[in-house]
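The structure under discussion appears below in the form of structure tokens.
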Ligand code: S3P
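Residue numbers (the working numbering): 42 to 210.
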């Protein structure tokens, strides 16, 4: 196991950060923290409602405060939201106390997984494909630059991805 105090999953919506992360955390004996779920627990509402009431800026402020807090801990597998890497402050905190795994996934696979999803405000409205492609262009290089390890999760079942990742860590 790598020596960083935490394992961190980054990557786009629909990459499997939550599902693979939960399984991998159980196997590695790490506490699983999903940032979006924790924000929802704290606020007592959903990510879309936070976006609606406070805008994306309000959501990002909450996300940044949460990451600062969570990354003080150790022995955790932290699944970040897809946009967490946009803030330099978050990148610094994740890097300082985390071994960072980038879960890569193709846009077609994202589309398949998110076709009927209503929990991602950034994908609301028509043409999810164009939105996902634009996000991939903007954020792909940021994920890649931040990662200690890039893992191609495209087309893999959750258990298979967790198996392969476990073998790599
Ligand atoms: C976002 C991704 C979501 C969530 C929010 C914004 C993004 O998390 O944090 O809807 O900017 O890509 P997931 O990556 O877990 O879907």
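A virtual CB, placed ideally from N, CA and C, is assigned to each residue, including glycine.
Check: If you draw a straight line from the C-alpha of residue 84 to the C-alpha of residue 150, how long is it?
Finding: Rounded to the nearest angstrom, the two C-alpha atoms are 31 Å apart.
Margin query: Distance check for residue 207 and residue 101, CA to CA, integer angstroms please.
Written below: Annotation: residue 101 to residue 207 spans about 30 Å, alpha carbon to alpha carbon.
Margin query: Is the beta carbon of residue 128 closer than 7 Å to that of residue 105?
Written below: Taking the C-beta atoms as reference points, residue 128 is found nearer than 7 Å to residue 105.
Check: For residue 193, which residues does DSSP report across the bridge?
Finding: DSSP lists 145 as the bridge partner or partners of residue 193.
Notebook entry, point to check: Comparing the CB of residue 122 with every heavy atom of the ligand S3P, is any distance shorter than 6 Å?
Noted result: Within 6 Å of the C-beta of residue 122 there is at least one heavy atom belonging to the ligand S3P.
Checklist line | Endpoints, alpha helix (DSSP H) assigned at residue 199 | finding: Residue 199 -> alpha helix (DSSP H) spans 199-209.
Item checked: Inter-residue spacing [alpha-carbon to alpha-carbon] between residue 185 and residue 147 -> Going from the Cα of residue 185 to the Cα of residue 147 covers about 14 Å.
Checklist line | Opening and closing residue of the beta strand (DSSP E) in which residue 117 lies | finding: 117-120 is the extent of the beta strand (DSSP E) around residue 117.
Margin query: Check whether the segment 131-139 and the segment 106-113 touch, using three or more Cβ-Cβ pairs below 8 Å as the test.
Written below: Because the criterion of three Cβ pairs below 8 Å is met, the segment 131-139 and the segment 106-113 touch.
Margin query: the ligand PLP and residue 183: does the residue's C-beta get closer than 6 Å to at least one heavy atom of that ligand?
Written below: As far as ligands go, the structure on display features the ligand S3P and does not contain the ligand PLP.
Next item on the list: Might you give, ordered along the chain, the residues of its own chain that have their beta carbon closer than 7 Å to the beta carbon of residue 154, omitting 5 neighbours on each side?
Entry: Closer than 7 Å at Cβ, skipping near neighbours: 55.
Note to self: Excluding the 5 residues flanking residue 177 on each side, which residues of the same chain have their C-beta closer than 7 Å to its C-beta?
What the structure shows: Closer than 7 Å at Cβ, skipping near neighbours: 53 and 148.
Notebook entry, point to check: So is residue 76 buried or exposed if we call it buried at 16+ other beta carbons inside 10 Å?
Noted result: Classification for residue 76: buried.
Margin query: Assuming residue 90 is part of the beta strand (DSSP E), what are its boundary residues?
Written below: Residue 90 -> not in any beta strand (DSSP E); alpha helix (DSSP H) instead, spanning 88-111.
Margin query: Taking the beta strand (DSSP E) that residue 75 belongs to, which residues open and close that run?
Written below: Its beta strand (DSSP E) spans residues 72-75.
Margin query: With DSSP as the reference, identify every bridge partner of residue 51, one or two as the case may be.
Written below: In the DSSP secondary-structure assignment, residue 51 is bridged to 143.
Notebook entry, point to check: Between the C-alpha atoms of residue 161 and residue 169, what's the straight-line distance to the nearest angstrom?
Noted result: The straight-line gap from Cα to Cα measures roughly 11 Å.
Notebook entry, point to check: For residue 70, is the classification buried or exposed, using 16 other Cβ atoms within 10 angstroms of its Cβ as the cut-off for buried?
Noted result: For residue 70, the number of other beta carbons within 10 angstroms of its own is below 16, and it is reported as exposed.
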